[in-house]
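Read the structure below first, then the notes.
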Amino acid sequence: MAVRHRLIQASPQAVWDVLADGDQYVKWVVGPSEVTPKAGQWPRVGATIAYEVRVGPLRLNNESVVRHCVEGSVLELEAKAGRLGTARIAIELRPWGEQCLVLVDEHPLRGPGGLLHNAGVEALIQVRHRAMLARLAELCEAEAGDQCRPDPAEQAGSVEFGSEAGRA
Numbered sequence: 078m079a080v081r082h083r084l085i086q087a088s089p090q091a092v093w094d095v096l097a098d099g100d101q102y103v104k105w106v107v108g109p110s111e112v113t114p115k116a117g118q119w120p121r122v123g124a125t126i127a128y129e130v131r132v133g134p135l136r137l138n139n140e141s142v143v144r145h146c147v148e149g150s151v152l153e154l155e156a157k158a159g160r161l162g163t164a165r166i167a168i169e170l171r172p173w174g175e176q177c178l179v180l181v182d183e184h185p186l187r188g189p190g191g192l193l194h195n196a197g198v199e200a201l202i203q204v205r206h207r208a209m210l211a212r213l214a215e216l217c218e219a220e221a222g223d224q225c226r227p228d229p230a231e232q233a234g235s236v237e238f239g240s241e242a243g244r245a
C-alpha cells in the first residue's frame with residue numbers, strides 16, 4: 078500500500094480549497110490533462126471528472142469518482158483506468174499547528190492493476206505521490222502567500238523554552 082505524507086506550509090482550509098476545486102485537479106495530480114466534469118458537483122460523493130492521460134503516444138481516457146468526502150479533511154477517490162482497473166486514493170488533511178499535514182494512501186481495488194501490484198509498482202506510485210504532493214504544496218503555498226509563514230520580526234522576539242529570559 079503506497080502511503081506518503083507532506084507538511085504543507087498552508088492552513089488545512091487553504092489545502093482543502095485546492096482539493097475541492099475540480100478545475101485544479103490537473104494542476105496537482107500527476108498524469109491527467111484537461112479535466113472535464115462528467116457528473117455531480119465536485120467534491121460531493123458521486124461527482125465524477127473525466128481526463129486524458131498521455132503515456133508516450135498512448136492516450137488513455139480515465140475518470141475519478143468521489144467515493145467519500147468529509148468537507149475540509151478527507152477526500153477519497155476511485156480512479157478508473159479503463160482495462161487496467163481502479164485504484165482507491167485517500168487524501169487526509171490534518172492540522173499541524175498553522176500548517177497542514179497531508180496524507181495520501183493509494184492501492185488498487187479492481188482489475189489487473191491489483192494482480193500486477195508489487196514492490197516495483199509500489200516504488201513508482203511513491204515517486205508519483207512525491208511529485209503530486211510537491212505540486213499540491215506549490216499551489217497551496219502560493220495561494221496562502223505569507224499569511225501562514227512565521228513573521229521573522231515575531232520570531233526575533235519569541236522566547237525559547239529553557240532560556241533564562243523565558244523563566245518567571
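Each residue of the sequence shown is one higher than the one before, starting from 78 at the first, in our numbering. For glycine and all other residues, C-beta sits at the position ideal for the given N, C-alpha and C.
First and last residue of the uninterrupted beta strand (DSSP E) at residue i
{"i": "Trp93", "result": "Where Trp93 is concerned, there is no enclosing beta strand (DSSP E), although the alpha helix (DSSP H) it sits in stretches over 89-96."}
Residues bridged to residue i (per DSSP)
{"i": "Ser141", "result": "Ile126, Ala156"}
{"i": "Pro109", "result": "Val130"}
{"i": "Glu169", "result": "Val151, Leu180"}
{"i": "Arg81", "result": "Val181"}
{"i": "Cys146", "result": "Leu152"}
{"i": "Leu213", "result": "In DSSP, Leu213 forms no bridge with anything."}
{"i": "Ala164", "result": "Ala156, Pro185"}
{"i": "Arg136", "result": "Arg131"}
{"i": "Ala116", "result": "Thr125"}
Outcome for residue i when other beta-carbon atoms lying within 10 angstroms are tallied against a minimum of 16
{"i": "Gln118", "result": "exposed"}
{"i": "His145", "result": "exposed"}
{"i": "Thr113", "result": "exposed"}
{"i": "Pro109", "result": "buried"}
{"i": "Glu148", "result": "exposed"}
{"i": "Gly99", "result": "buried"}
{"i": "Pro134", "result": "exposed"}
{"i": "Gln224", "result": "Only weak support is given to the placement of Gln224: the predicted model assigns it a pLDDT of 47, under 50, and the question is left unresolved by the model."}
{"i": "Leu216", "result": "buried"}
{"i": "Glu111", "result": "exposed"}
{"i": "Leu213", "result": "buried"}
{"i": "Glu199", "result": "exposed"}
{"i": "Leu154", "result": "buried"}
{"i": "Pro189", "result": "exposed"}
{"i": "Trp173", "result": "exposed"}
{"i": "Leu210", "result": "buried"}
{"i": "Leu152", "result": "buried"}
Heavy atom of the ligand FMN within 7 Å of residue i beta-carbon
{"i": "Leu216", "result": "Among the components modelled here there is no ligand, and therefore nothing to report on the ligand FMN."}
Could you tell me which whole alpha helix (DSSP H) segments of length 4 or greater appear in the region 179-208? 189-192
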